[in-house]
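Enquirer: Going by full-length UniProt numbering, the final residue of the sequence shown carries number 240, and the count climbs one at a time with no gaps.
For each residue, glycine too, the CB sits at the ideal point set by N, CA and C.
There's a structure below that I have some questions on.
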Amino acid sequence: MILLISDLHLQEERPDITRAFLDLLEGRARQAQALYILGDFFEAWIGDDAMTPYQASICQALRALSDSGTQIFLMHGNRDFLIGQAFCEAAGCTLLSDPCVVEMGGEPVLLMHGDSLCTRDLAYMKLRRYLRNPLSLWILRHLPLSTRQKLARKLRSESRTQTRMKANDIVDVTPEEVPRVMQQHGVRTLVHGHTHRPAIHKLALSNTPARRIVLGDWDRQGWALQVDEQGFQLAPFDFH
């Protein structure tokens, strides 16, 4: 069994989400061969050197799962793209590139966070290209901690404001971009998060059946995609 989750936006202010995640680590994830976390794992991450005691406790919980035998794979999201190798080594997880093709359920599956599919959001795509540039990343990681904290608050505030103002189709994936990316990578299944619109969309690529599986965000409930001999099953679960 393989589990895939995304968009937990873990933060100290949401102990209900934190508890649900820790329950997953101590329960279903212990039975899994692998756990994939496809971005926006934390609400914000301003550098491995700025890990808070809360974030360190999450890191330790991941390490315990890794030490139990479950492989953990982590992908950057738009909120936590500064997660680095130091965190991954401490947590016992492997950092994945975005996009990434993985063998899953007997077929190659394309994994993405999903923000790069929202190509109609021109302002965000421009910001993304700037922030993910290797030089920009180096500069960001070497800014004083206080400066990074202010910048993170500013970006989060602007993101919330702009998302409310943008049309729904702008902040969702671009329909034409999905088949283009899937054909580029030679897959019939794409799994991503980011849009907070959980669903399994049926597609056709060159008259061949295909699907796009969108993981849900953790807010009022949790979401997980389970891949096993029964296939790909996307389902919510309640917080306790």
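Can you have a look at ILE139 and say buried or exposed, based on whether 16 or more other CB atoms are within 10 angstroms of its CB?
Expert: exposed
Enquirer: Helix, strand or coil for THR18 per DSSP?
Expert: helix
Enquirer: Hey, does GLY39 have any beta-carbon neighbour from chain B nearer than 9 angstroms?
Expert: The structure shown contains no chain B; it is built from a single protein chain.
Enquirer: Please report the Cβ distance between TRP45 and ILE83, rounded to the nearest whole angstrom; I am assuming they are in contact, meaning their Cβ atoms lie under 8 angstroms.
Expert: 5 angstroms
Enquirer: So, with DSSP's three-state summary, where would you put GLN11?
Expert: coil
Enquirer: CB-CB under 6 angstroms to ASP172, same chain, minus the five flanking residues each way: which ones, in chain order?
Expert: THR195
Enquirer: Could you work out which residue in GLY106, SER116, ILE37 and HIS240 is closest to GLU229 when comparing CA atoms only?
Expert: GLY106
Enquirer: Report the three-state DSSP secondary structure of LEU71 (helix, strand or coil).
Expert: Note on identity: in this sequence residue 71 is Gln, with Leu being the wrong assignment. It is a strand residue.
Enquirer: Tell me whether the beta-carbon of ASP115 lies closer than 9 angstroms to the beta-carbon of ASN78.
Expert: yes
Enquirer: Mapping the DSSP letters down to three states, classify CYS59 as helix, strand or coil.
Expert: helix
Enquirer: Check each candidate in ILE5, HIS9, LEU3 and LEU4 and name the one with the smallest Cα separation from ARG156.
Expert: HIS9
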